[in-house]
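A quick write-up on the structure given underneath.
Numbering (full-length UniProt numbering), first residue to last: 1 to 491.
Spelled out as structure tokens, the structure:
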């Protein structure tokens with residue numbers, strides 16, 4: 001039975017002083033009102049229990065404060081009316097408080113802080129921010145995005161400045177054309193992959209940016225039309241004698257983008273936990289998940305754009321939300337084509353695939369007879385005539401040959417031997433371990449990541465692996481590790 005329309009009044013002694021007044025929106029109101037003031041005046045009329053369920057939900061307006069989870073129950077009149085959850089934009093709410101509705105009580109309980117937690121890790125004078133995001137089913141995507149954006153706001157601003165300079169400087173495209181393409185791709189993402197669009201929208205709100213700016217970060221490969229001569233990356237997967245596998249990558253890019261890297265952890269209900277190293281604001285990059293699936297990413301010089309295709313950073317995120325490489329591959333090829341050319345390696349302890357794609361086709365690379373996959377920055381597979389490769393990096397071929405040579409020296413590599421592969425400086429400065437040298441190499445190895453699939457751990461060396469600024473290990477809690485995603489306990 002719907003309760004009678006009543007006023008809700010906050011008892012003054014039960015509220016702590018807040019630096020900003022939190023706000024909540026009720027389904028029975030047409031505007032947001034102050035929530036938690038000392039006023040004895042009614043702030044809202046509660047028509048039913050669900051009236052509070054859209055409380056301060058992102059999308060009702062810009063939120064400037066960190067997000068906190070709240071839960072309320074109504075035990076009055078000898079019956080349990082159930083529980084509901086909302087998101088409250090607040091700072092300072094740190095204990096149980098009460099709302100009174102005449103004969104009933106609405107218990108407002110602080111459940112947990114879901115603001116993107118941030119820990120700065122010193123890296124030899126540089127920093128990588130550690131950002132953790134999570135959300136509940138009905139608002140998971142935009143919450144995850146908001147936490148990401150809020151915690152990495154300053155780094156996102158740097159990433160955006162760098163990316164815009166890169167796109168404009170390398171493609172020579174007019175501003176109007178880039179804006180038109182970005183707007184078109186944004187509309188496609190919103191229509192075809194709305195959950196990723198919502199997360200991007202959340203990042204924009206958390207970082208105080210326009211949605212299109214965050215879209216641009218996530219379609220940078222596509223906006224470049226394959227014309228940006230990116231410095232190279234090297235990716236490898238190999239089986240071990242113990243029946244498991246090792247996988248890794250040197251991520252080489254322009255030196256100026258090193259300060260834009262963050263360590264991102266994402267927890268979502270009914271999906272594996274994700275840990276990745278990414279540029280702030282980008283939702284899919286190099287990393288792995290609690291189901292044991294790891295991804296690497298290499299750029300290719302294949303011009304062309306399919307405006308309705310799947311952007312590569314969204315494909316990486318799609319793979320990281322999968323429970324096996326086979327599932328990741330099937331999900332990606334079922335999208336009806338990619339937006340632009342690139343390469344994704346996806347593997348676990350049992351299997352691995354390379355996905356080499358252009359705007360015109362998607363091809364699968366399979367391991368050789370020794371269970372090995374190697375890829376750099378040129379096409380290894382025969383692509384459609386409408387997607388010709390243009391001026392691949394010359395050192396891509398030498399890095400590929402050098403890695404194959406190093407791996408052929410032993411039947412099975414130990415983790416220590418595998419880790420040393422990435423330190424090879426043959427053909428410096430444009431070798432596997434890349435270095436910056438004016439006139440010869442515009443970028444350098446910004447980080448190395450090695451996945452040990454036997455224990456679902458990843459070792460990250462920030463900077464060139466021969467002289468890392470910092471080394472840390474990404475791992476999952478015991479209750480997070482799954483063979484197949486089993487979901488998370490609800491807050």
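A virtual CB, placed ideally from N, CA and C, is assigned to each residue, including glycine.
Assuming residue 257 contacts residue 446 under a Cβ cut-off of 8 Å, what Cβ separation, rounded to an integer in Å, is found between them?
Beta-carbon to beta-carbon, residue 257 and residue 446 are separated by about 7 Å, close enough to satisfy the 8 Å threshold.
Straight-line gap, residue 307 to residue 166 (C-alpha atoms, nearest Å)
Pairing residue 307 with residue 166, the inter-Cα distance amounts to about 21 Å.
C-alpha gap between residue 278 and residue 464, whole angstroms:
Those two C-alpha atoms are separated by around 17 Å.
Could you tell me the distance, in whole angstroms, from the CA atom of residue 185 to the CA atom of residue 233?
Each residue's Cα considered, the two are about 26 Å apart.
Which of the three DSSP states is assigned to residue 266 in this structure?
Strand.
Helix, strand or coil for residue 387, going by three-state DSSP, please let me know.
In the structure shown, residue 387 falls within a coil segment according to DSSP collapsed to helix, strand and coil.
Hey, how far is the Cα of residue 376 from the Cα of residue 341?
Distance between the alpha carbons of residue 376 and residue 341: 14 Å.
Kindly confirm or deny that the stretch 298-312 and the stretch 329-345 touch, where touching means at least three C-beta pairs closer than 8 Å.
Touching, yes, given that three or more Cβ pairs across the two stretches are closer than 8 Å.
Can you list, in chain order, the residues of its chain with a C-beta nearer than 7 Å to that of residue 476? Leave out the 5 residues immediately preceding and following it.
Hits under 7 Å: 273, 290 and 456.
Taking residue 453 as the reference, give the member of 160, 266, 421 and 287 with the closest Cα.
Residue 453 has its Cα closest to that of 287, out of 160, 266, 421 and 287.
Buried or exposed by the 16-neighbour rule on C-beta atoms within 10 Å, applied to residue 414:
Of the residues assessed, residue 414 falls on the exposed side of the cut-off, its CB having fewer than 16 other CB atoms within 10 angstroms.
Where the beta strand (DSSP E) containing residue 235 begins and where it ends
Looking at the DSSP string, the run of the beta strand (DSSP E) that includes residue 235 is 234-239.
On the three-pair Cβ rule with 8 Å, is the stretch 385-396 touching the stretch 210-222?
Note that the stretch 385-396 does not touch the stretch 210-222; fewer than 3 beta-carbon pairs, one per stretch, sit closer than 8 Å.
Would you mind reading off the limits of the alpha helix (DSSP H) that contains residue 275?
Here residue 275 belongs to no alpha helix (DSSP H); instead the beta strand (DSSP E) covers 274-279.
Taking just the CA atoms, how far does residue 385 sit from residue 473?
Between the C-alpha atoms of residue 473 and residue 385 there is a straight-line separation of about 43 Å.
In three-state DSSP terms, what is residue 142?
In this structure, residue 142 counts as helix in the three-state DSSP scheme.
If the criterion is Cβ atoms closer than 9 Å, does the pair residue 156 and residue 199 meet it?
Taking the C-beta atoms as reference points, residue 199 is found no nearer than 9 Å to residue 156.
Terminal residues of the beta strand (DSSP E) in which residue 355 lies
Note, residue 355: beta strand (DSSP E), 352-357.
Please say whether residue 304 and residue 378 have beta carbons closer to each other than 9 Å?
No, the pair does not count as a contact, with Cβ atoms beyond the cut-off.
Please determine whether the Cβ atom of residue 255 lies at a distance below 8 Å from any heavy atom of the ligand SAM.
Because no ligand of any kind appears in the structure shown, any question about the ligand SAM cannot be addressed here.
Taking its Cβ as the centre, do 16 or more other Cβ atoms sit within 10 Å of residue 159, making it buried, or is it exposed?
The Cβ neighbour count for residue 159, taken over all protein chains shown within 10 Å, is at least 16; the residue is labelled buried.
What did DSSP end up calling residue 49 once you bin it into helix, strand or coil?
For residue 49, the predicted model reports a pLDDT of 25, less than 50, meaning its position is unreliable and no value from the coordinates is stated.
Buried or exposed: where does residue 302 fall if 16 or more other Cβ atoms within 10 Å of its Cβ makes it buried?
That one is buried.
When the Cα atoms are used, what is the spatial distance from residue 469 to residue 352?
Approximately 30 Å, taken between the alpha carbons.
Separation of residue 296 from residue 147, as counted between CA atoms:
If I take the Cα positions, the gap works out to 25 Å.
Determine whether the beta carbon atoms of residue 314 and residue 189 lie at a separation below 9 Å.
Taking C-beta atoms as the reference points, residue 314 and residue 189 count as a pair closer than 9 Å.
Counted within 10 angstroms of its Cβ, other Cβ atoms place residue 298 as buried (16 or more) or exposed
Residue 298 is buried by the Cβ-count criterion.
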